[in-house]
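Chemist: Would you mind keeping the following structure in view while I ask a few things?
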């Protein structure tokens, strides 16, 4: 209300200005100022009010509704294809574990370990033997890789310290920290058993100096399940690495399987009873999505530019007429954040659609990048629906609360983050060696965030029960203090910030009081959208907004 009173006082002062203007103050106010005020009011109208005011159809709103439908359909189509690809990769990785790890069961891979020299050699020879006899064993469409007409060999590589003499009994050791690597290659030429493999490989290990043994092999296959969805199958190259990890030298050698995949178009293919019609339809649909997003992008960019131009005009007018500087919050009212959100969404959708077309034509295989772009774009499109709900007063209070509370929430989170990071580093250093959930810094942040939300509390306490008494006592003090501080204080204050903003905005809405100089200025325009006073394309130039711009 103070801003409104100052604004009206400024108008009274301006009426007393004595200049050499040819127009009287009353004529200037009734013509130029009212026209500019009406122009501002029209700018901040919603699409339905603009339609009533000038009869302009809300093309942007209709285009956004169309985009919601077509982008969601596009995402679902790509999601089904991406799901088949990811499932195929995971199932093949499980197949490789069962094929090449002796006695492997469907349990957590981190528990698969070896403890004797004989087991290490036996498992190495087992992998080689399974690889050589793969065609007689597998039920899948697996094949060896060929390069220039020759099979790509399986490679067995060991990494070890260059020199070393270790005698724990005498408490003496001598180590050269330089690491050497030695590899042997085995071609899939004939069927052999474990004893024959030992003769063929001729590979010895010095376990006192050994760091790791890695077995590399490459297999090829085709993902035929996409045929059911009328998609062209892809060819896959699986680059498999089986590592025997002895870097800890603790007497326990962990075994892990890693898998790197390359997806590409098959060289020669033929699917009976199919045509390229489905591919053309999908690419045509993606082209429609790109065209719609490009049109939306241009329209929103134009609206943002118009808003910035009007902001400068209002700044000049306010300074010239009221002798005041427009506040930063009022200037930002002209920059529509929803349009910025739509511009980002359209950009991501266009980039993701181009990648999707490249994947469908088999020129690209960036499934993960494409899914991130399309998924984020779809999320932003659906978030943008809130803008249209905001045209109704009962729904608009949510948007106003979020916007009003955002600055205070950011400042509050910055302060709370300092305490949170302190607990993260402390838990990582002290409890990390004793608790899996605190083993790495990223795990600590995830664990503490779960505790804030009340998840998995008892299990976190329970896992520290059998540790040393000092660490156990510290863990209790650490966890109790963190949970009490963040749940009972930090979260409560966070909710109070948002509640206070909600009550303030609700009170302002009930009193119908303008909360800024810009709103107070626009509120003086009593013309309704149906009045016909907005049926004009004449817009006063910014150079004529000063009361003294008409000097003789």
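Residue numbers (the numbering used here): 27 to 578.
Note that CB positions come from ideal geometry on N, CA and C, so glycine has one too.
1) Which residue or residues does DSSP assign as beta-bridge partners of residue 193?
2) Residue 230 by DSSP, collapsed to three states: which one?
3) Under a three-way DSSP split, which group does residue 441 fall into?
4) According to DSSP, which residues form a beta bridge with residue 183?
5) Taking DSSP's pairing of strands, which residues face residue 140 in a bridge?
6) If you draw a straight line from the alpha carbon of residue 257 to that of residue 97, how long is it in whole angstroms?
7) Could you round the C-beta distance between residue 163 and residue 156 to whole angstroms and report it? I think they count as a contact, below 8 Å.
8) Based on the DSSP output, what are the partners of residue 170 in its beta bridges?
9) Taking 9 Å as the cut-off, decide whether the C-beta atoms of residue 400 and residue 100 are in contact.
10) Note down, one range per segment and in chain order, each alpha helix (DSSP H) of at least 4 residues found wholly within the region 404-463.
11) Is it the case that the Cβ atoms of residue 252 and residue 263 are separated by a distance below 9 Å?
12) How is the alpha helix (DSSP H) around residue 509 delimited, first residue to last?
13) Leaving out five residues before and five after residue 68 in sequence, what residues of the same chain have Cβ atoms less than 8 Å from its Cβ?
14) Run the CB neighbour count on residue 443, radius 10 Å, all protein chains shown included, and call it buried at 16 or more, exposed below.
15) Measure the Cβ-Cβ separation of residue 516 and residue 455 and say whether it is below 9 Å.
16) Which value, in whole angstroms, describes the spacing of the CA atoms of residue 95 and residue 268?
17) Among 340, 360, 523, 359, which one has its Cα closest to the Cα of residue 351?
18) Measuring CB to CB, does residue 239 end up less than 9 Å from residue 231?
19) Using beta-carbon positions only, say whether residue 383 and residue 330 come within less than 9 Å of one another.
20) For residue 470, which residues from the same chain have a beta carbon less than 7 Å from its beta carbon, with the 5 sequence-adjacent residues on both sides left out?
21) From 278, 359, 102, 507, pick the residue whose C-alpha is nearest to that of residue 542; which is it?
22) Can you pull the DSSP bridge partners for residue 267?
23) Tell me whether residue 441 is buried or exposed, calling it buried when 16 or more other Cβ atoms sit within 10 Å of its Cβ.
24) If I measure Cβ to Cβ from residue 525 and keep anything under 7 Å in the same chain, skipping five residues before and after, which residues do I get?
25) Hey, could you find the ends of the alpha helix (DSSP H) residue 61 is sitting in?
26) Considering only C-alpha positions, which residue in the set 523, 213, 109 is nearest to residue 175?
27) Just grab the DSSP bridge partners of residue 261 for me.
28) Beta-carbon within less than 8 Å of residue 92's beta-carbon, same chain only, minus the 5 sequence neighbours each way: which residues are those?
29) Would you check if the distance between the CB atom of residue 278 and the CB atom of residue 237 is smaller than 9 Å?
30) For residue 305 versus residue 386, is the C-beta distance shorter than 9 Å?
31) Residue 119: which of 418, 63, 266 sits nearest, CA to CA?
32) Using a Cβ-Cβ cutoff of less than 7 Å, which residues in the same chain neighbour residue 345 once the five nearest sequence positions on both sides are dropped?
33) Please look up how many angstroms separate the CB atoms of residue 410 and residue 368, rounded, as I've assumed it's under 8 Å.
34) Output the boundary residues of the alpha helix (DSSP H) element that contains residue 123.
35) Return the residue from the list 544, 166, 467 that minimises the CA-CA distance to residue 353.
36) Would you be able to state if there are at least three C-beta pairs under 8 Å between the region 310-324 and the region 415-429?
Modeler: Per the coordinate set shown:
1) 198
2) coil
3) helix
4) 209, 240
5) 279
6) 20 Å
7) 6 Å
8) 245
9) yes
10) 411-415, 419-457
11) no
12) 495-511
13) 76, 79, 80, 560
14) exposed
15) no
16) 46 Å
17) 340
18) yes
19) no
20) 450, 453, 454, 464
21) 359
22) 242, 284
23) exposed
24) none
25) 60-69
26) 213
27) 248, 290
28) 318
29) no
30) yes
31) 266
32) 351
33) 6 Å
34) 85-126
35) 544
36) no
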